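A.B. asks: Questions regarding the structure given below will be posed in turn.
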Amino acid sequence: EVQLVESGGGLVQPGGSLRLSCSGSGFSFSDYYIDWVRQAPGKGLEWVGRTRGKAHSYTTAYAASVQGRFTISRDESKNSAYLQMNSLKTEDTAVYHCARVLRGVSSSWIMDVWGKGTTVTVSS
Amino acid sequence: QSVLTQPPSVSAAPGQKVTISCSGSSSNIGKYYVSWFQHLPGTTPKLLIYDNDERPSGIPDRFSGSRSGTSATLGITGLQTGDEAHYYCGTWDSSLSALVFGGGTKLTVL
Chain A
9 EVQLVESGGG LVQPGGSLRL SCSGSGFSFS DYYIDWVRQA PGKGLEWVGR TRGKAHSYTT
69 AYAASVQGRF TISRDESKNS AYLQMNSLKT EDTAVYHCAR VLRGVSSSWI MDVWGKGTTV
129 TVSS
Chain B
227 QSVLTQPPSV SAAPGQKVTI SCSGSSSNIG KYYVSWFQHL PGTTPKLLIY DNDERPSGIP
287 DRFSGSRSGT SATLGITGLQ TGDEAHYYCG TWDSSLSALV FGGGTKLTVL
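If you read the protein sequences in the order shown, they are chains A and B.
Counting from 9, one number per residue, gives the positions in the first sequence under this note's numbering.
Counting from 227, one number per residue, gives the positions in the second sequence under this note's numbering.
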């Protein structure tokens, strides 16, 4: 079964750090981008960033709202991706999902499998 | 303020048809493929449409997508109460170098 499972969420104070993990199974992990998408309470979906697959040298990209504070990495030996979150703000409170993305020819992209998410609460 | 503009809500009766619009610009919808996602409260977002008009396996043909210029549209026919959910469009934006989502549309099946 193809699946993604997030872990590592919790309660953290403003200015603190947290590291989320996304473990994949049932597919060739290195062939896929892994995106992080969050949903704050009462808000819509917001893209956080991504780590591209082997074909794109595992490069990363970030939303402006987290650039410089969040870092995405991956470990192919563990079929896992990570979201290191530093200098956390109250507005980073959200459910964080990881999702796999297959990039095809001519800019085709398919975000077809999502994890159930892990909750991050930033509060004093 | 989302880069992609969706109506906050739409509604229709069971069995009817509804369309949800997603308006963007030349740096996003006008240039890149659009996907649509269904999100029911407490569940994982579900891919309904990718590459403007393609359905993943398992998605019924009641769901359709289209793109024209800098706008995209999701269509749902034969509405069911189980279709009540939030729907999001998404695509890449070259000006922001980021994936962007619409603000979401809440569908109510009356």
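For glycine and all other residues, C-beta sits at the position ideal for the given N, C-alpha and C.
Computed from a predicted structure; not experimentally measured.
Taking only beta carbons into account, state which residues of the stretch 300 to 328 of chain B come closer than 8 Å to chain A, listed in chain order.
C.D. replies: Hits within the stretch, in order: His312, Tyr314, Gly316, Trp318, Leu322, Ser323, Ala324, Leu325, Val326, Phe327, Gly328.
A.B. asks: Alpha carbon to alpha carbon, what distance is there between Gly291/B and Leu274/B?
C.D. replies: Cα to Cα, Leu274/B sits roughly 9 Å from Gly291/B.
A.B. asks: Could you give the DSSP three-state label for Gly250/B: helix, strand or coil?
C.D. replies: Coil at Gly250/B, not helix or strand.
A.B. asks: Measuring alpha carbon to alpha carbon, tell me which of Arg281/B, Asn254/B, Leu322/B, Gln227/B ends up nearest Ala69/A.
C.D. replies: Selected option, being the one with the closest Cα: Leu322/B.
A.B. asks: So is Lys62/A in contact with chain B if we call contact Cβ pairs under 7 Å?
C.D. replies: Not closer than 7 Å to any Cβ of chain B, the Cβ of Lys62/A fails to qualify, so no.
A.B. asks: For a minimum of 4 consecutive residues, which ranges assigned as the alpha helix (DSSP H) are wholly contained in the stretch 24 to 77 of chain A?
C.D. replies: The stretch 24 to 77 of chain A contains no whole alpha helix (DSSP H) run of 4 or more residues.
A.B. asks: Going along the chain, which unbroken runs of the alpha helix (DSSP H) with 4 or more residues stay wholly within the stretch 250 to 281 of chain B?
C.D. replies: Taking only runs of at least 4 residues, no alpha helix (DSSP H) segment lies wholly in the stretch 250 to 281 of chain B.
A.B. asks: What is the residue span of the beta strand (DSSP E) that Leu120/A lies within?
C.D. replies: The residue you asked about is not Leu; residue 120/A is Asp in the sequence shown. Where Asp120/A is concerned, the enclosing beta strand (DSSP E) stretches over 117 to 122.
A.B. asks: Closer than 7 Å, CB to CB, is Pro282/B near chain A or not?
C.D. replies: Closer than 7 Å: yes.
A.B. asks: Please confirm whether Leu53/A has its beta-carbon closer than 7 Å to some beta-carbon of chain B.
C.D. replies: At least one chain B Cβ lies under 7 Å of Leu53/A.
A.B. asks: Could you give the first and the last residue of the continuous beta strand (DSSP E) run that contains Lys243/B?
C.D. replies: Looking at the DSSP string, Lys243/B is not in any beta strand (DSSP E), and its letter there is neither H nor E.
A.B. asks: To the nearest angstrom, how far is it from the Cα of Ser253/B to the Cα of Thr59/A?
C.D. replies: Computed Cα separation, rounded: 22 Å.
A.B. asks: Give me the Cβ distance between Gly330/B and Leu53/A, rounded to the nearest whole Å; I'm assuming they're in contact under 8 Å.
C.D. replies: The pair is a contact, with the Cβ atoms about 7 Å apart (cut-off 8 Å).
A.B. asks: Using a C-beta to C-beta distance shorter than 7 Å, which residues of chain B count as neighbours of Ala89/A?
C.D. replies: What Ala89/A touches in chain B: nothing, since even the nearest Cβ is about 15 Å away.
A.B. asks: Under three-state DSSP, which class holds Glu14/A?
C.D. replies: Strand.
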